[in-house]
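Trainee: Please find one structure pasted underneath; my questions will follow.
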Amino acid sequence: MSYEIEINEQRFEDAPRAGQCLRTYLRERGWFGVKKGCDQGDCGACTVHVDGQPVHSCLYPAVRAEGRSVTTVEGLASPCGELHPAQKQFLEAQGFQCGFCTAGFLMTTSALQAERGTAHDDGKLDDLPRAFKGNICRCTGYRAIEDAVRGVRHIEEPEAGQAVGRSPGAPAGPQVVTGTARYTFDVEVPGMLHMKLLRSPHPHARIVDIDIREALQVPGVHAVFTHHDAPDHLYSSARHEHPTEDPMDTRVLDDVVRFVGQRVAAVVADSEQAAEEGCRRVAVTYEELPYVVDPEEAMRPGAPVLHPKGPESGIFRAENNVCGEVHGTIGDMEQGYAEADVVHEETFQTQRVQHASLETHGCVAYFEPKEEGEGERITVRTSSQAPFLTRRALCALFDLNEDEVRVVAGRVGGGFGGKQEMLTEDIVVLAALKLRRPVKLEFTRAEQFYGATTRHPFKITVKIGAKKDGTLTALRIRIVSNTGAYGNHGPAVMFHSAGESFAVYKAPNKEVEAYSVYTNTVPAGAFRGYGLGQVLFALESVMDELALRLGMDPLALREKNVIGPGDHMVTPIGHEEDLFIASYGMKQCVDVVRRAEAEDRSHEDVPEGWLTGTGSAVAMIATGPPGGHFADARVSLLRDGTYDIAVGTAEFGNGTTTVHKQITAGALNTTVDRITVRQSDTDVVRHDTGAFGSAGTVVAGKAVLLAATSLAERLKTFAARHTGVARHLCRLEAEAFDCAGRVVTLKELYEAAHERGEPEEMAADGHWGGSPRSVAFNAQWFRLAVDPDTGEMRILRSVHAADAGKVMNPVQCRGQVEGGVAQALGATLFETVRVDERGEVTTAAFRRYRLPQYADVPRTEVHFMETSDAIGPLGAKSMSESPFNPVAPAFANALRNATGIRFTELPVTRDVVWRAIHQKLQGGNDN
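Quick look at the structure:
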């Protein structure tokens with residue numbers, strides 16, 4: 001078969017394989033800007049131009065491109081390197097976060113720009129919801145993308161030493177918009193083998209026999225791994241600084257499967273196709289076991305026991321499927337309710353939510369020479385938020401020394417907590433060590449739904465009492481968290497959910513009863529908010545119900561009872577000794593909401609007959625996880641007079657790389673363009689706990705600040721010695737020291753240090769242990785309209801108040817808030833991972849799961865409070881997770897205000913709303 005195709009003005013004559021899509025054809029030829037996000041034409045990350053027309057290359061057969069001209073994002077710029085106008089716009093607007101979807105948006109935008117003013121122009125650039133109906137972004141909330149298309153410039157170029165508080169662009173921005181940023185699989189590894197996983201069709205079963213002989217006969221198959229090949233060690237897939245936070249209940253491959261989708265065997269072959277065929281040829285004989293999918297049933301006597309393990313596993317009550325539990329009381333609950341004039345009790349339910357990061361889980365393992373000494377080490381390139389903790393776990397599993405394992409994360413295509421796990425690295429390293437060959441495993445989108453993790457579904461019962469004046473007298477919360485088949489993050493999420501959510505309101509009598517329960521369903525894990533969002537949905541809804549029964553303004557009720565700047569944060573699970581209110585922005589947050597409600601006129605254009613309402617909610621979150629979160633950093637002066645930051649934390653759109661450069665630029669009185677960053681690589685620094693728990697700025701950033709400040713002092717001392725000028729007369733400038741009029745360039749200083757045999761004076765280290773910690777505050781307000789005839793809901797206005805302390809980079813921080821609100825709206829309105837009566841996931845595709853698209857997300861007004869934190873670096877606080885938490889209750893409260901109906905389960909879909917309104921009109925219960 002003759003075949004010819006032009007790709008970015010280069011001619012190729014390699015014929016595609018039978019049935020090959022254009023996406024894989026392009027990537028196999030090195031055009032890594034074409035991304036895999038869904039393989040079903042849902043997300044648009046793979047968009048390219050074929051003869052100038054945008055197409056989803058995952059659906060476009062490569063054979064159809066024969067004789068055509070294909071342009072990828074790498075081909076948008078001119079041959080001389082000048083960026084396409086769309087690329088410039090996305091760069092100047094900071095129209096991305098993780099950047100994994102950016103190529104798709106760029107290709108769509110550039111095609112529409114080319115049509116502008118032609119006979120083919122159908123006005124899509126003026127109708128972005130229609131233009132981007134085939135593109136999904138999980139990070140930004142779409143406002144930054146809209147600004148990019150409209151040509152709004154946000155990024156700044158601050159002067160030397162003035163970067164903190166300004167908005168320089170992301171360091172990887174030029175690579176993101178040109179498709180040259182390298183994510184996990186954007187590498188070519190010679191001799192690489194491909195892995196596919198055989199997964200369980202049963203919710204609970206014992207493997208009686210497994211026959212791999214037919215699979216090994218498939219041409220190209222090199223090996224099949226089963227539980228017979230796996231180490232006996234028990235571990236948790238969760239990554240925490242202290243492994244004892246999670247029960248040790250997992251094996252690399254187990255002879256008992258506990259949910260539909262659990263891995264049973266791994267087939268390694270020359271191609272994915274051969275590996276898939278090998279999986280089909282593996283014959284497994286199962287003994288099916290009883291299963292349970294409801295956590296309340298799972299705790300009852302006689303329920304099937306998922307993990308009959310001893311106390312060494314760390315499971316609280318294995319015989320009752322209780323992974324973890326906590327009980328605590330402050331004061332006298334009976335007396336508290338007796339003193340109340342109003343007592344209200346309600347039960348709420350939250351659902352499973354998928355992280356839906358566009359880059360799926362996966363890794364590549366290969367061998368390279370050791371840095372020191374003889375022999376090889378295994379290098380794991382992975383999409384992880386915690387490379388150092390992953391190395392630690394791999395070493396423990398396979399009895400390896402740390403110098404035998406390197407773990408590195410490229411640019412990570414979204415995380416949201418889902419990549420605070422070890423879900424692929426263990427099985428890939430097992431295969432690579434056995435075969436001594438490079439091995440790759442990349443999850444499909446379907447595997448992300450049934451083979452990764454979800455947000456924990458919660459059942460929360462709140463009973464609250466108050467006096468007539470609104471003073472709370474008693475607060476009791478019962479929590480049942482469904483951790484799924486394994487306990488990764490189960491106890492920790494449960495404990496965290498009962499922490500700041502309880503402490504945010506003062507009451508003399510408080511009680512908590514919480515359980516993390518095993519069921520035969522897909523495991524839950526870390527997710528943005530880490531349990532707080534689920535409990536706050538219930539608590540903030542109940543606060544509005546209490547206000548209604550007291551005849552009080554809901555905001556006034558909150559103001560009367562909310563924790564104050566001098567108060568201790570007391571919960572029934574105990575006082576966290578290292579947690580302080582080191583800055584207080586809650587009052588400002590409430591003031592923003594009050595002003596928004598007073599000034600709002602958005603309801604004036606609502607169609608006749610629609611119902612309108614407003615609602616708000618507040619939240620508090622610790623600026624880092626408890627128990628220690630460690631970061632090491634090194635800042636060095638380089639030979640050319642620029643600086644280098646070495647830090648362990650990963651970049652996945654959280655903006656920490658930019659902030660670390662800003663911090664360093666401020667400490668060293670230079671500009672951000674004179675600083676490079678090496679990161680997320682176990683070779684770079686001694687240790688870093690990971691990019692989770694909102695620690696990128698307040699922990700890793702603190703370590704960077706300490707290192708940069710220390711280096712500035714060292715350089716000043718050395719410059720004084722080198723020039724013979726008094727130290728206090730030496731002033732560090734962007735590229736040199738001015739020592740009483742004598743200018744010594746940083747290049748000269750570097751050379752002098754090396755000539756004197758004192759190179760160590762050109763670098764400094766910083767370390768931060770994540771303690772003490774502060775708290776951040778958020779408030780969300782909505783006005784919405786509801787059509788009672790159809791259940792349609794429209795958000796008329798969205799306002800978010802964020803207490804981030806000193807805002808290091810306003811554009812990036814605003815993007816975190818907007819993205820958090822958008823993700824939370826998805827979880828509020830339609831996102832849900834559905835499972836059937838056997839616990840099997842039935843929504844294993846974006847089109848069945850329903851992610852927020854451009855048309856679904858309102859433009860949120862973001863307000864930053866004027867606070868400066870006494871603990872965070874330069875006064876900063878975290879703001880990655882917290883914007884998510886108040887969104888669902890604020891929306892539910894607005895819906896209650898509009899319809900008179902309290903919705904107690906998420907998601908609040910249009911059909912649910914219509915049915916409730918219809919029942920109310922028919923005389924049913926409105927609560």
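Start counting the sequence shown at 1; every next residue gets the next number (our numbering).
For every residue, glycine included, the Cβ atom is placed at its ideal position computed from N, Cα and C.
As the structure is a prediction and not an experimental result, all values here were calculated from the model.
Who pairs with Q349 in a beta bridge, going by DSSP?
Mentor: DSSP, once it has assigned bridges, lists K459 and E905 as partnering Q349.
Trainee: Mind checking G123: buried by the 16 CB within 10 Å criterion, or exposed?
Mentor: exposed
Trainee: In terms of residues, what are the limits of the alpha helix (DSSP H) holding N520?
Mentor: No alpha helix (DSSP H) contains N520, which DSSP labels as neither H nor E.
Trainee: Is E604 buried or exposed, if buried means 16 or more other CB atoms sit within 10 Å of its CB?
Mentor: Result: exposed.
Trainee: In terms of alpha-carbon separation, which member of R300, E297 and A318 lies closest to L306?
Mentor: A318
Trainee: State the Cα-Cα distance for the pair A432 and H154, rounded to the nearest angstrom.
Mentor: 46 Å
Trainee: Am I right that A890 and Q816 are in contact with their C-beta atoms under 8 Å? What's the rounded C-beta distance?
Mentor: Their Cβ separation, rounded to whole angstroms, is 18 Å, which puts A890 and Q816 out of contact at 8 Å.
Trainee: Would you mind working out which of K747, A269 and F652 sits nearest L197, comparing C-alpha positions?
Mentor: A269
Trainee: Counting Cβ pairs, one atom from each stretch, are 3 or more of them under 8 Å apart for the stretch 703 to 711 and the stretch 740 to 757?
Mentor: no
Trainee: Sorted by chain position, which residues of the same chain lie with C-beta nearer than 6 Å to S541's C-beta, five sequence neighbours on each side aside?
Mentor: P889 and A892
Trainee: So for H202, helix, strand or coil by DSSP?
Mentor: coil
Trainee: Which residue spans inside the stretch 832 to 895 form an unbroken alpha helix (DSSP H) run of at least 4?
Mentor: Listed in chain order, the complete alpha helix (DSSP H) runs (minimum 4 residues) inside the stretch 832 to 895 are 846 to 849.
Trainee: For Y643, which of G624, G653, T670 and V428 has the nearest alpha-carbon?
Mentor: T670
Trainee: Beta strand (DSSP E) containing H767: first to last residue?
Mentor: A763 to W768
Trainee: Under 9 Å between the Cβ atoms of H233 and P304?
Mentor: no
Trainee: To the nearest angstrom, how far is the alpha carbon of T717 from that of G585?
Mentor: 40 Å
Trainee: Count the other C-beta atoms from every protein chain shown that fall within 10 angstroms of the C-beta of C279, then say buried if there are 16 or more, exposed otherwise.
Mentor: By the C-beta density criterion, C279 is buried, having at least 16 other C-beta atoms within 10 angstroms.
Trainee: What are the partner residues of D632, as DSSP defines its beta bridges?
Mentor: H767
Trainee: Ignoring anything shorter than 4 residues, give me the alpha helix (DSSP H) runs that lie fully in the stretch 686 to 773, in order along the chain.
Mentor: 701 to 723 and 746 to 755
Trainee: If you count every other CB in all the chains shown that lies within 10 Å of the CB of P79, and 16 or more means buried, which is it?
Mentor: Its Cβ having fewer than 16 others within 10 Å, P79 is exposed.
Trainee: Which residue's Cα is closest to the Cα of P491: G470, L472, A524 and K506?
Mentor: A524
Trainee: Could you check what DSSP says for Q89 in three-state terms: helix, strand or coil?
Mentor: Looking at Q89 - three-state DSSP - the assignment turns out to be helix.
Trainee: What does the Cβ neighbour count give for E371, buried or exposed, with the cut at 16 atoms within 10 Å?
Mentor: exposed
Trainee: From P171 to G551, what does the alpha carbon distance come to, in whole angstroms?
Mentor: 53 Å
Trainee: Which residue's Cα is closest to the Cα of G770: R686, A65, G624 and F105?
Mentor: G624
Trainee: What's the gap between the Cα of T909 and the Cα of R639?
Mentor: 59 Å
Trainee: Determine the extent of the alpha helix (DSSP H) in which G820 is found, giving its start and end residues.
Mentor: P810 to L829
Trainee: Classify R445 as helix, strand or coil using the three-state DSSP reduction.
Mentor: helix
Trainee: Tell me the rounded alpha-carbon separation between G19 and E276.
Mentor: 15 Å
Trainee: Provide the residue span of the alpha helix (DSSP H) that contains I663, from first to last.
Mentor: T656 to A667
Trainee: By Cβ distance, which residues of its chain are closer than 7 Å to V699, with the 5 residues on each side in sequence left out?
Mentor: G624, H629, A631, W768 and G770
Trainee: Using 9 Å as the threshold, is the C-beta distance between Q354 and V833 below it?
Mentor: yes
Trainee: May I ask which residues mark the beginning and end of the alpha helix (DSSP H) holding W914?
Mentor: R910 to L921
Trainee: In whole angstroms, give me the CA-to-CA distance for G415 and A396.
Mentor: 25 Å
Trainee: Looking at R902 and G791, is the spacing between their C-beta atoms short of 9 Å?
Mentor: no
Trainee: Below 8 Å on the Cβ atoms is my contact criterion, and I expect Y183 with E421 to pass it. Report the Cβ-Cβ distance as a whole number of Å.
Mentor: Incorrect: roughly 18 Å between the Cβ atoms, too far for contact.
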